[in-house]
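Note that the protein sequences, when read in sequence, are chains A and B.
Convert by adding 1 to the 1-based position in the first sequence; the result is the number in our numbering.
Convert by adding 10 to the 1-based position in the second sequence; the result is the number in our numbering.
Positions of the beta carbon are idealized from the N, C-alpha and C atoms, including for glycine.
See structure below.
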Amino acid sequence: MPKDDVKTENFRFVGTRPNRPDGLDKVTGRAKFGADASAPGMLHGAIVRSPHAHARIISIDTSKAEALKGVKAVVTRADFATDVTGENWNVLENVMASDTALYDGHAVAAIAANSALVARDAIKLVEITYEVLPHVTDVDAAMADGAPVIRAGTADKSVPAGLHPNVVRYHDSGHGDVEAGFAEADLVIKDHFRTEATHQGYIEPHACLGMLGGDGKGELWCTTQGHWNVQKICSALLGLETSQLRVTASEIGGGFGGKTTVFIEPVALALSRKANRPVKLVMTRSEVFRASGPTSSTSMDVKIGMKKDGTITAAEGVFRLQGGAFPGAPMEMTAMCAFAPYALKNVHQVGYDVMANRPKQAAYRAPGSPMAAFAVESVIDELCGQLGLDPIDVRLKNASKEGTKASYGPRFGRIGLVETLEAAKAHPHYSAPLKPGQGRGISCGFWFNFGGETSVSLALSMDGSVQLMVGTPDIGGSRASLALMAAEELGIPYENIRTTIADTASLGYNEVSHGSRVTYASGLATIEAARDTIKKLCARAAAKWGIDADAVSWEDGCAVPSGPNAGDFDPLPIAKIAASMGRTGGPIVGHYEATPEGAGVSFATHIVDAEVDPETGKTGIVRYTVVQDAGKAVHPAYVEGQFQGGAAQGIGWALNEEYIYGADGRLQNDVFLDYRIPVASDLPMIDTVIVEVPNPGHPYGVRGVGETSICPPLAAVANAVSAAAGVRLHELPMSPPRILEALEKQRDG
Amino acid sequence: MVEVNLWSGLRALADGHETVEVDGSTVGEVLTGLAAAYPGLKDAIDAGVSMAVDGRIIASGLTEPIKPDSEVYLLQQLKGG
């Protein structure tokens, strides 16, 4: 899209902050989430899960469970399709184990019964004989010689010879000569970093209600970020024709990437098919932690060379990501994002995808990028400190701009990193005095963003109000932002538009709500669908006036003659055209289907002040500012919310959140009491600055904003903690025991 | 002919070349040309790749146009959360 075609000013609705359309439903309890559905004759499901980290399944005896009064169906892997291949096979293997339980919590069988209580009693009666196998849960240990092999032969052709079979994919990219670059540097720092797996921590557990008949026709209600994807995967796993399964997305209580795949939905459908009754399945919190998709844990080495003036001469990174007992850890994203904020002549990044006896990782906001930023931005901070340089000036000196050859290869288009750094430097936070015991940290972050298949329909009602139907579940305020864009094009009030998340039978395929794509891609499709509608409205006016359709324009919600030569007619409002549409050609519906490919990449700069209690090791976040390029903030309050949400989750990742596995390979902290996410009292009010450098790939310049905000916080907090405590932490989370240990080591010399 | 830059991990599958030249005026044609000229790349392409064309990242669209003088980079498939 040429830059001139991007509208950047004179907006009437875009950029305003109207009330959220789902607000009343959510505060009154009217909103229906995954677990809120019910159906006549409904059964309740429960899943039998492995208590072992790695064990061969010798036998499964369900006879005692089946004999329990109220039990209506039992399923095992034998009840799923057998001709499943590729990534669908991995998903099926994760949904229901075949011959080996691969992690603590891996599903082995499932039961449907008249009540949830009976179902839970029945799963205790399933007798499974296991042969316990050696296990490994740590990423470095899983790559080491002698580590238990999770599944031999999984590695693809990219993996160099000689690596452990648990290394299943490999990435290597970069340009220039890093050794020559390091030789030019006045100071070179190399450090090793580790991050533990974290969970997205969505408050709503996975929940669904499935109905599948013996005729292969089914209905599924579930909490998901992408119901077309659920339809596609469930159909494959159950051997159904895709269109015979209709999937409806519930209201969603948080996803953050963790609801981009399936865990229990195929199981509910399999139980329903066997029982010939609707089956509801709801995960407990423990099941969510043990058997949904946390992030990868990482082990990383980063080396950066810098001149005394702050010029980065070379950068090198090795990123090892453990993604559970399946391929797919996003190590290529980690590698490609790591050095993207900087214009580097010499850069080299390597990634390893490593399997271990843990649950199959799933996406979590900018998957892979926050860990990379933690390592890279920590080393840059250390270099700035040792060379006595201002951390923002150094980042400005090396910042990627339009035309910069990115660390991952191509040249950047129009980007806004410099603008975020300049705004951060000018922000009062950056120059505010610190109290004793406090430290300030800075970090940049980068994320790609995404487009994806998108289908939107916009239907006029008889009174001129508008039904906007989209296929991307609203995970961050998209119903409001899409209605604002429709209002902008149509020239009618925001309140006259109702945005609905349509089911899979009502629109063409829609890619999952991920990759910060919804406001970008569904927004672009909404604008085009509105323009399609306007063409039809103008044609109706032209017919009424007896002039060419080309002689009619659309202004402020009305058809008007496009000039004095077109004739002298009063403006024809949308409501008048709508009232007679049945008699003037039929219903008026605009639509647009495409795979938009212009999602602009996004950068952010965060400033954080922290204080560390040297007695307890507890870190307090005392001030936090997010500066991020949004391209164009359609609904600024939601954009600010995205910025704050990413920062809050990043603070949790940095300070407290972690998966803790025992020596037996079992997860030890599978409830929120033991897995500590930040609560309101842990956080200051997070300040936000919206930078708007338009994305040329969107009619209004929109860039995705949902993910980039979690890229800088891990490093920004680490840099603040380092400044406050006087000791550098190389491992996340920086929990009180870990900080105390670092302080003690420093005291002991 | 379009010059395609390969990420380092792919070079071993393309006779060690950092860049390769293939015919094609769209993303799909270039990918087809790559797999035909270097069969070792086929598995990686089939597994899913993205392409950066003049700095614009094409996540999946095969019909996106490519000019002979376009800067083209093959990238691993992008995913998000």
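Burial state of residue i (16 or more Cβ within 10 Å)
i, result
"A:Gly414", "buried"
"A:Ser116", "exposed"
"A:Thr405", "buried"
"A:Pro161", "exposed"
"A:Arg170", "buried"
"A:His172", "buried"
"A:Gly219", "buried"
"A:Ala276", "buried"
"A:Ala664", "exposed"
"A:Glu128", "exposed"
"A:Gly417", "buried"
"A:Gly666", "buried"
Coil, strand or helix - residue i by DSSP
i, result
"A:Val551", "The sequence given here places Asp at residue 551 of chain A; Val does not occur at that position. A:Asp551 falls in the helix class under three-state DSSP."
"A:Gly653", "helix"
"A:Asp187", "coil"
"B:Asn15", "strand"
"A:Met284", "coil"
"A:Gly446", "strand"
"A:Gly389", "coil"
"A:Arg677", "coil"
"A:Thr617", "coil"
"A:Leu684", "coil"
"A:Phe451", "coil"
"A:Asp533", "helix"
"A:Ile204", "coil"
Min CB distance residue i to chain A below 7 Å
i, result
"B:Glu74", "yes"
"B:Ala69", "yes"
"B:Leu88", "yes"
"B:Ala62", "yes"
"B:Tyr48", "no"
"B:Gly26", "no"
"B:Ser35", "no"
"B:Ser18", "yes"
"B:Gly65", "yes"
"B:Asp79", "no"
"B:Asp56", "no"
"B:Gly38", "no"
"B:Gly43", "no"
CB of residue i within 7 Å of CB of residue j, strictly
i, j, result
"A:Ala579", "A:Gly465", "yes"
"A:Gly254", "A:Phe34", "yes"
"A:Gly30", "B:Asn15", "no"
"A:Ile678", "A:Gly202", "yes"
"A:Gly314", "A:Ala186", "For clarity, residue 314 of chain A is Thr in the given sequence; the question names Gly instead. Yes, they are a contact pair."
"A:Ala102", "A:Thr77", "no"
"A:Trp222", "A:Leu210", "yes"
"A:Gln226", "A:Ser514", "yes"
"B:Gly32", "B:Met61", "A small fix is needed here, since residue 32 of chain B is Val in this sequence, not Gly. No, these two residues do not count as a Cβ contact at 7 Å."
"A:Val248", "A:Ile305", "no"
"A:Gly318", "A:Ala339", "yes"
"A:Phe604", "A:Ala376", "no"
"A:Lys158", "B:Asp53", "yes"
Within-7 Å CB hit, residue i to chain B
i, result
"A:Arg278", "no"
"A:Arg704", "no"
"A:Arg412", "yes"
"A:Ser370", "no"
"A:Phe451", "yes"
"A:Arg415", "no"
"A:Ala364", "yes"
"A:His515", "yes"
"A:Asp23", "no"
"A:Ser174", "yes"
"A:Glu185", "no"
Chain E contact for residue i (CB, 7 Å cutoff)
i, result
"A:Lys158", "The question asks about chain E, but that chain is absent: this structure's protein chains are A and B."
Minimum length 3: unbroken beta strand (DSSP E) runs contained in the region 213-295 of chain A: DSSP runs (the beta strand (DSSP E)) wholly in the region 213-295 of chain A: 219-223, 246-250 and 280-283.
Only counting runs of 4 or more residues, tell me where the alpha helix (DSSP H) segments fall wholly within the region 456-516 of chain A, in order along the chain. Within the region 456-516 of chain A, the complete alpha helix (DSSP H) runs of at least 4 residues are 479-491.
What beta strand (DSSP E) runs, 3 residues minimum, are completely inside the region 96-165 of chain A? As for any beta strand (DSSP E) of minimum length 3 sitting wholly inside the region 96-165 of chain A, the runs are 108-114 and 128-133, ordered along the chain.
Runs of 4 residues minimum, wholly inside the region 10-39 of chain A: which ones carry the alpha helix (DSSP H) assignment? Whole alpha helix (DSSP H) segments, 4+ residues: 24-29.
Scan the region 36-60 of chain A and note each continuous alpha helix (DSSP H) run of 4 residues or more that stays entirely inside, going in chain order. Fully enclosed alpha helix (DSSP H) runs of 4 or longer: not present.
Alpha helix (DSSP H) runs contained entirely in the region 310-353 of chain A, provided each spans 4 or more residues: You should have 332-339.
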